[in-house]
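A.B. asks: The structure's right below; bear with me while I get my questions together.
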Amino acid sequence: MHPSDNETSIRQASLEDLVTGPVDGLILEERLGYALRRAQLKVFKHFDEAMREHNIRPAQFSSLVVIEGYPGVTQSSLAQTLAIDPPRVVNLVNSLEERGLAMRVRCKRDRRSHGIFLTKQGEALVDKLKELSSQSDLAATQALSEIERRQLLMLLRKIYAPAHGEG
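No gaps in the numbering here: position 60 of the sequence shown is 60 in UniProt numbering, and each next residue is one more.
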C-alpha cells in the first residue's frame with residue numbers, strides 16, 4: 001500500500017520544516033562542527049552579497065589579499081598559505097590572470113618557478129574588496145559586540161593554527 005501523493009508531500013514538507021528549523025534539544029547544538037558550519041553559511045552569505053558586484057569568490061579574495069601582502073609569492077606557497085590543493089591554485093591564478101587582476105612573472109633565481117603579482121587593476125580592486133569584506137564581516141556578526149567578535153576570532157585561530165611542535 002503506497003501513501004497518496006498528498007500524504008507524501010505533507011510528510012516531505014514536515015521533514016523540510018524540521019531540517020531547516022531550529023535544532024533545540026538536539027545534540028547538534030552541542031557540536032562545534034555544526035555551529036561552525038552554520039556560522040560559515042551566514043558569513044559566506046553576507047560575503048557573497050558584498051562581492052556579487054565584482055564576481056569574487058572567497059578563495060579569489062583570499063588569494064588577492066595574500067598576493068598583495070606577499071608580492072612574488074609562488075603558486076606552491078600560495079597553496080600552502082591558503083590550505084588549498086595545488087591544482088586548484090593553478091585554476092585560481094589562471095582565473096585571476098584572465099580577469100587582469102594578477103600576473104605570473106618568471107623568477108630570476110629559479111627560472112622554473114613564477115612569482116605572482118597583482119596588476120594595477122588588481123591593486124585597485126583589492127582595496128575595494130578589503131573594505132567590502134570588512135563591512136560584510138560586521139553585518140554577519142552584528143549580534144556580537146566588538147569584544148566578542150575579537151574573542152571569537154582569537155578562539156578560531158587557536159583551533160586552526162598549528163600547535164607548538166606541529167607542522
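Note that the Cβ used here is the ideal one computed from N, Cα and C, for glycine as well.
Model, not experiment: these values are computed from the prediction.
Which residues does DSSP list as the beta-bridge partners of residue 185?
C.D. replies: Not covered by the structure: residue 185. The range shown for the chain is 1 to 167.
A.B. asks: Can the beta-carbon of R88 be found less than 9 Å from the beta-carbon of A59?
C.D. replies: Contact: yes.
A.B. asks: Note the first and the last residue of the continuous alpha helix (DSSP H) segment covering L28.
C.D. replies: L28 -> no alpha helix (DSSP H), and no H or E assigned at all.
A.B. asks: Along the chain, where does the alpha helix (DSSP H) that runs through E146 open and close?
C.D. replies: Start and end: E146 to Y160.
A.B. asks: Nearest-angstrom Cα distance between K130 and V43?
C.D. replies: Distance between the alpha carbons of K130 and V43 is about 15 Å.
A.B. asks: What is the DSSP secondary structure of T74, counted as helix, strand or coil?
C.D. replies: Correct three-state label for T74: strand.
A.B. asks: Between which two residues does the alpha helix (DSSP H) containing E98 stretch?
C.D. replies: Element bounds for E98: P86 to E98.
A.B. asks: Could you check if A102 is buried or exposed, using at least 16 other CB atoms within 10 Å of its CB as the buried criterion?
C.D. replies: That one is buried.
A.B. asks: Around the C-beta of M154, are 16 or more other C-beta atoms found within 10 angstroms, so that it is buried, or is it exposed?
C.D. replies: So M154 ends up on the exposed side.
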